[in-house]
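Since the structure comes first, as structure tokens, the remarks are kept for the end.
Written out as structure tokens, the structure is:
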């Protein structure tokens, strides 16, 4: 990147993250040149190019201003990192775009033949025979009652008390989060994420033009001291985290940390989204923030993409009662009613006597995959940060501080998709980490490609 | 509404529509009191209540300011009209929430037994036997290729030239529009809508916190003179309209109007969303803006909810090539990959030899329903604004300037859901209009209830 490009990228990033608001004056050429240690002519050239692109405009004698009419939102341009290799969307795009025969230890889901296809096929056949209303009509705004009732019974098993009238069906876990973001956040708000956290939280938060602060994640949950300082200094509006099995680390929230986090959140009036899409992978349930809080400041969300099928889109939100009506208005405005069909198939598959047996087999299969993968990685000097109790992820340190972004690009050219650490890290402090999916690691070629790429 | 409530509602509406930006100073108590012709103490009381709710804050000696931290987005509070009877979401909520046995001449879709349930059942059975990847995996980011190819062939029949790589599958027509709004719009931008237009455009635009300007709709399309003036005065970013059969009027865009609108839009750099969800109801195709424009500034969207099934969620966007990659990033960030299953069922049903025959039968059935409904309405003094060539809607004037909002509330208490005119009208100039769905008007009780309510 040239000096001019550096200035351009920095200004674009500050506009994208609303550090520079539309209509505000940019720092003077002189001040900017001094800050970078570049010559003023470099800064002038950068500002002129930004002006040509319509991103900033000049007012004679009064300096440069951020244009009011911005270019269409481009997530790739947003945020500080313009290198696609460590862009939060890189892993998603590579995982989704490469053929399903490619090797994808970087992806975030199980191989298709690990999912509950038999239950899905039975569900589809059963729905094909259902009443014409199920086949053809919009659902009620909350979504299929029988599925919402089932979900409250499942939540109750985790200590979360919710009425079916507090449960809103959505198209996916991601859409659940997006809907709550839209509801609670205004551009410029601050949101706390775990560092590291699921990379798509970063991508989605960028789309909402909010400020993001990362709290370091420990094997017991977020670092509570750092969390308290962040609430104090940044007055965030929202904290988003995983329940149960943390993505990408595989760590589990301890009861003491859960209690302390909730206490701090309640004192600060902070809302929390607890994303529990990996719930069914747990053998021993960890504490849920939503259970302690009684769905007062915590929004609890989930989906069926990781256990039942990613091809059928269905997720849910369990929300504080007083927000349900407004969330429904927003759901209708942004996606209209939603259907009954996906919910009916999910209901059929979840209540199928085979589902529990299927998940029990998956637990065993994942435990075996972890046991096989850890020594294979160890031979390459790749070590897990912790040994997870459940789930598909290992959060691993590369040997010799290797760059995971470089490694990921090398492996991609050999047909292996990795998940480089900095896509998960707000502080960009996970450059030599990768997230490794043990369910996608059965092929010996993965380890050959890794060995060559590390050499 | 008391005087105090009037001031509160007005301030809230101005904040919601970003007329008052966060952080800006409100007009003084004295000026506001003068403007309304109320006493200053009324305004003080209103401001104090707004302060208690955290919506505004006072700075000693410096007046009242719009709070930076706003309450969670509530669409019901947004915009000028706080009366739920003429809220843009009122018709959606009533139509979706009342039981499917209620009488709903106000709703925007066909009765379930008019849709293509047989094709759907066949599609579901066929997908139940499909490869495990179709059943279980995420789709590629653009969505199922075979369906995108089919869609480009269908578009080609309307003169719209698009490559399959320009077609993005989504969860619904509404989600298609929302995705483009998110991509193109920034809070405070101006958007042009038809007056009247589909009420959910209003709801969705409120959620995006943009300014909305209505262009009067004529039987040939938008009033071109007014359109030119709006582009000149308001510099809007986007115009959203229906292709083919206009909702709610049933009017059809004339070639001359289409040409002129596009010429003005191109000169002004205005983007257009052309919503063509009623395409398959047309007998003789009207001109498409997307065809004239060659998908350069026009985004063309559609779905299958109105002809195939509302229960299966699947829509699409045909976009200018240069925006496809960024739209995909946004689609993944906000909803992740999307599935293959809904697309596979749609593909099966659309390529089923029975679909064309089914739609041809629907055309005849709708023509008969129009012919039967018009005289039944005429007996009550309710007259259509024009006689549509196709589709399910009649845009009707009530006798004696009756208020449609009042009528709708009266009819709702008798189990009949109407669509009052002002939910469609940005200028609120359709107080004595209703949109009437002839496919939902078979029951004589509807006309009895209407007669009583008008009396």
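Residue numbers (UniProt numbering), protein chains in the order written: chain E, 1 to 455; chain F, 1 to 455. Beta carbons: idealized from backbone N, C-alpha and C, even for Gly.
In the assembly as shown, residue 242 of chain E is a buried residue. Its beta-carbon has 16 or more other beta-carbons within 10 Å. Boundaries of the alpha helix (DSSP H) harbouring residue 324 of chain E: 324-335, taken from the DSSP string. With the criterion set as a beta carbon lying under 8 Å from some beta carbon of chain E, the segment 248-271 of chain F has no members that meet it. Secondary structure at residue 217 of chain E: strand, using DSSP grouped into helix, strand and coil. One thing to note: residue 394 of chain E has its Cβ within 9 Å of the Cβ of residue 377 of chain E. Look at residue 30 of chain F here: in three-state DSSP terms it is helix. With a threshold of 16 other beta carbon atoms within 10 Å, residue 161 of chain E falls short and is exposed. Residues of the same chain with a CB within less than 7 Å of the CB of residue 381 of chain E, apart from the 5 flanking positions on each side, are 399 in chain order. Annotation: the continuous beta strand (DSSP E) that includes residue 56 of chain E extends over 56-59. Relative to residue 185 of chain E, the option among E:165, E:206, E:56, E:194 whose CA is nearest is E:206.
Contact check for residue 158 of chain E against residue 291 of chain E passes: the beta carbons are separated by less than 9 Å.
Leaving aside the five residues that flank residue 236 of chain E on each side, the residues in its chain whose CB is nearer than 7 Å to its CB run, in chain order, 190, 191, 192, 213, 230, 270. For residue 50 of chain F, the enclosing alpha helix (DSSP H) has its first and last residue at 40-52.
Only residues of its own chain outside the window of five on either side were considered, and among them 251, 386 have a CB closer than 7 Å to the CB of residue 219 of chain E, listed in chain order. Only 171, 172 from the segment 158-172 of chain E bring a Cβ to less than 9 Å from some Cβ of chain F. DSSP places residue 118 of chain E in the uninterrupted alpha helix (DSSP H) bounded by 117-128. Counting only runs of 3 or more residues that sit fully inside the segment 330-397 of chain F, the beta strand (DSSP E) segments are 393-397, in chain order.
Selection E:257, E:247, E:263, E:254 evaluated against residue 275 of chain E yields E:247 as nearest (Cα-Cα). The shortest CA-to-CA distance from residue 324 of chain E to any of E:307, E:172, E:300, E:309 is the one to E:300. By the criterion of at least three beta-carbon pairs nearer than 8 Å, the segment 432-439 of chain F is in contact with the segment 401-421 of chain F.
Within the same chain, 163, 165, 166, 295 come within 8 Å of residue 321 of chain F by CB-CB distance, once the 5 residues on both sides are set aside. At a cut-off of 9 Å between C-beta atoms, residue 24 of chain F does not count as an interface residue with respect to chain E. Residue environment analysis places residue 5 of chain E among the exposed positions, since fewer than 16 neighbouring C-beta atoms fall within 10 angstroms of its C-beta. The Cβ neighbour count for residue 34 of chain E, taken over all protein chains shown within 10 Å, is under 16; the residue is labelled exposed. Under the DSSP assignment, residue 307 of chain F falls outside any beta strand (DSSP E); it carries neither an H nor an E label. Proximity of residue 332 of chain F to chain E, defined by a Cβ-Cβ separation below 9 Å, is satisfied. In the DSSP assignment, residue 242 of chain F forms a beta bridge with F:275.
In the three-state scheme derived from DSSP, where H, G and I count as helix and E and B as strand, residue 255 of chain F is classed as helix. Contacts with chain E at 9 Å (Cβ-Cβ) include residue 135 of chain F.
Sequence-distant Cβ neighbours of residue 311 of chain F in its own chain, meaning closer than 6 Å and more than five residues away, do not exist here. In the three-state reduction of the DSSP assignment, residue 20 of chain E falls in the coil class.
For residue 103 of chain E, the pairing in a beta bridge is given by DSSP as E:416. Fewer than three beta-carbon pairs drawn from the segment 114-123 of chain E and the segment 118-125 of chain F are found closer than 8 Å, and the two stretches are therefore not classed as touching.
DSSP lists E:393 as the beta-bridge partner residues of residue 437 of chain E.
In this structure, residue 41 of chain E and residue 55 of chain E do not form a Cβ contact; the two beta carbons are roughly 20 Å apart against a cut-off of 8 Å.
According to DSSP, residue 424 of chain F shares a beta bridge with no other residue.
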